[in-house]
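*Asks:*
Number of protein chains: 2
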Amino acid sequence: MFPTDGFRALDRQECLRMLAKVPVGRVVYTRQALPAVLPINFSLDTDASVLLCTSPGSDLVRAIDGVVVAFEADEFNAATRSGWSVVVTGRAGVVTDRAEHERLTQTGPTSWMPLRDVVFVRIESEMVTGRELNGGLSTP
Amino acid sequence: MFPTDGFRALDRQECLRMLAKVPVGRVVYTRQALPAVLPINFSLDTDASVLLCTSPGSDLVRAIDGVVVAFEADEFNAATRSGWSVVVTGRAGVVTDRAEHERLTQTGPTSWMPLRDVVFVRIESEMVTGRELNGGLSTP
Chain U
3 MFPTDGFRAL
13 DRQECLRMLA
23 KVPVGRVVYT
33 RQALPAVLPI
43 NFSLDTDASV
53 LLCTSPGSDL
63 VRAIDGVVVA
73 FEADEFNAAT
83 RSGWSVVVTG
93 RAGVVTDRAE
103 HERLTQTGPT
113 SWMPLRDVVF
123 VRIESEMVTG
133 RELNGGLSTP
Chain E
3 MFPTDGFRAL
13 DRQECLRMLA
23 KVPVGRVVYT
33 RQALPAVLPI
43 NFSLDTDASV
53 LLCTSPGSDL
63 VRAIDGVVVA
73 FEADEFNAAT
83 RSGWSVVVTG
93 RAGVVTDRAE
103 HERLTQTGPT
113 SWMPLRDVVF
123 VRIESEMVTG
133 RELNGGLSTP
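First to last, the sequence lines map onto chains U and E.
If you count the first sequence from 1, you need to add 2 to reach our numbering.
If you count the second sequence from 1, you need to add 2 to reach our numbering.
Rendered as structure tokens:
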């Protein structure tokens, strides 16, 4: 049952299952000392890491390569005030191994932007948390 | 027309119009030195600031009161690979003025969680940026 505070914590497996259902998430990082957030399409690798596809010289790569970031995804229904959110926190890094890069050109995400060259960025799923908000309006 | 890199920057007014269309956004901040992100329902005040409704002693209030945060919202269509995203960056602060708090109990956002007491947090819209991704699949 849902606790009285309105939401239920999801375990790691539930989190990863929810994450696999949506095509877009948001990378959360720091840029010039300010909080920054970028929505981007992604996929999950078989080790549960988050994979992004971007251009080699992008601002994103410069900002997050080698840095701990958060990656968030969610779905909410305003009519029922219900939904879920998942956050993966871990170190991001450009995939530099050539064979790995080749594998990901076949199985990894495709950028929604037209790119001439691509690199893949992997976000390790070191911490995975999530919660589900149960629907229904309560007396405030 | 859309530039060849796939997206168009939105001006401040366009950003605020898009933001007004969705019920949920994400607060992006730092917690224990790590990037943190929390989806939450919100509304826009008449001065274009972002208003949140939360409990007085919440982790969120402790983390962001008086701090510069980012607030992000978006809508994406995976089938057409199109959508938009808007980020408001500015200082967050609990609304302490009693008359202002009263006004917001009538006109401000209502928490999706059952709360006994509420405080409102205002995020000043000091910086508002946004972009629109045009749809269509290009040759990779």
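Here a beta-carbon is modelled for each residue, glycine too, at the ideal position from N, C-alpha and C.
Which stretch, first to last residue, makes up the beta strand (DSSP E) that contains Leu144/U?
*Replies:* For chain U, the structure presents residues 3 to 142; residue 144/U sits outside this window and is missing.
*Asks:* Give a yes or no on whether the minimum CB-CB distance between Val63/U and chain E is below 8 Å.
*Replies:* Answer no: the Cβ-Cβ gap between Val63/U and chain E never drops below 8 Å.
*Asks:* Taking 8 Å as the CB-CB cut-off, is Val109/U touching chain E?
*Replies:* The question names Val, but residue 109/U is Thr in the sequence shown. No, Thr109/U does not count as interfacial toward chain E.
*Asks:* Less than 8 Å between the C-beta atoms of Leu18/E and Leu46/E, yes or no?
*Replies:* It is a contact, given that the beta carbons lie within the stated cut-off.
*Asks:* Excluding five sequence neighbours on each side, which residues of the same chain lie with their C-beta closer than 6 Å to the C-beta of Ala22/E?
*Replies:* For Ala22/E, where only same-chain residues beyond five positions count, the Cβ hits under 6 Å are Leu46.
*Asks:* Would Ser60/U pass as an interface residue toward chain E - the criterion being a Cβ-Cβ separation below 8 Å?
*Replies:* Closer than 8 Å: no.
*Asks:* Is any beta-carbon of chain U found at less than 8 Å from that of Arg28/E?
*Replies:* Yes, because at least one Cβ of chain U sits closer than 8 Å to the Cβ of Arg28/E.
*Asks:* So which residues of chain U does Gly32/E contact, with C-beta pairs closer than 8 Å?
*Replies:* Going by the sequence as given, residue 32/E is Thr instead of Gly. Per Cβ cutoff of 8 Å: Thr32, Pro37.
*Asks:* With H, G and I counted as helix, E and B as strand and the rest as coil, what does DSSP make of Met129/E?
*Replies:* Three-state DSSP puts Met129/E in a strand.
*Asks:* Just to check my reading of the structure: Glu134/U and Trp86/U have Cβ atoms closer than 8 Å, yes? What is that Cβ distance to the nearest angstrom?
*Replies:* The pair is a contact, with the Cβ atoms about 5 Å apart (cut-off 8 Å).
*Asks:* Any C-beta of chain U within less than 7 Å: which residues of the segment 64-91 of chain E qualify?
*Replies:* Under the 7 Å Cβ criterion, the segment 64-91 of chain E contributes Val70, Val71, Ala72, Glu74, Asp76, Phe78, Ala80, Arg83, Ser87, Val89, Thr91.
*Asks:* Mind listing the chain U neighbours of Leu135/E? Cutoff is C-beta to C-beta under 8 Å, in chain order.
*Replies:* Result: Trp114, Met115.
*Asks:* Counting Cβ pairs closer than 8 Å, one from the segment 101-119 of chain E and one from the segment 46-56 of chain E, do we hit at least three?
*Replies:* Verdict: yes, contact present.
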